[in-house]
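Data block below; observations after.
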Amino acid sequence: MSHTLRVDIVSAEAEIFSGDAQLVVATGEMGELGIAPRHAPLITRLKPGHVDVVLANGERQQFWVSGGILEVQPQVVTVLADTAARASDLDEAAAQRAKQEAEDALANRTDAVEIAEAQAKLAEAITQLQALERLRKTLKH
Numbered sequence: 001m002s003h004t005l006r007v008d009i010v011s012a013e014a015e016i017f018s019g020d021a022q023l024v025v026a027t028g029e030m031g032e033l034g035i036a037p038r039h040a041p042l043i044t045r046l047k048p049g050h051v052d053v054v055l056a057n058g059e060r061q062q063f064w065v066s067g068g069i070l071e072v073q074p075q076v077v078t079v080l081a082d083t084a085a086r087a088s089d090l091d092e093a094a095a096q097r098a099k100q101e102a103e104d105a106l107a108n109r110t111d112a113v114e115i116a117e118a119q120a121k122l123a124e125a126i127t128q129l130q131a132l133e134r135l136r137k138t139l140k141h
């Protein structure tokens, strides 16, 4: 009986992670999901945010996704994201700048399309900053 599952995290640009894990935690549309070996099959949309992978050796790896799809099969979890990165590769200064620019765009509302674009950019920047904060907390322990 296997105590791991195969995990693949893929963005439109590249494969971000592929390996065996004990647990995958991600934020789905309806809330946070924990996927362990032999989980029931499912497909759900992911909100922008973190994906945590606990490897077979107990090591935790953290990723950020802009949203996407999570597919669970009995021994395979696949995350398909438009954009994804290892949390340690995120640029905090760039995320802070993007957040400020999006907040400025929202303050200077012009039309519905620009507001929607600014809101999406703001959500992306905030989730990147949250992923960095989660990584910092993990590294402190």
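Taken in order, the sequence shown gives residues 1 to 141; the numbers are from the UniProt record's numbering.
Backbone N, C-alpha and C fix where the C-beta goes; we use that ideal spot for every residue, glycine too.
Would DSSP call T127 helix, strand or coil?
Here residue 127 refers to the residue found at position 127 of the sequence shown. Three-state DSSP puts T127 in a helix.
Along the beta strand (DSSP E) that carries residue 218, what are the first and last residues, could you check?
Coverage of the chain is limited to positions 1 through 141, which leaves residue 218 absent and any answer about it impossible.
Is the stretch 102-120 close to the stretch 77-84, with three or more CB pairs under 8 Å?
no
Check this for me: beta carbons of A84 and I35, under 8 Å apart or not?
Start at 1 with the first residue of the sequence shown, and residue 84 comes out as number 84. Start at 1 with the first residue of the sequence shown, and residue 35 comes out as number 35. Cβ atoms of A84 and I35: not closer than 8 Å.
Measure the C-alpha to C-alpha separation of residue 143 and L42 and round it to an integer number of angstroms.
Since the displayed the chain opens at 1 and closes at 141, residue 143 lies outside it and no answer follows.
If you follow the beta strand (DSSP E) that Q75 is part of, which residue opens it and which one closes it?
For the purposes of this step, residue 75 is identified with residue 75 of the sequence shown, where counting begins at 1. Counting along the chain, Q75 falls outside any beta strand (DSSP E), and DSSP gives it neither H nor E.
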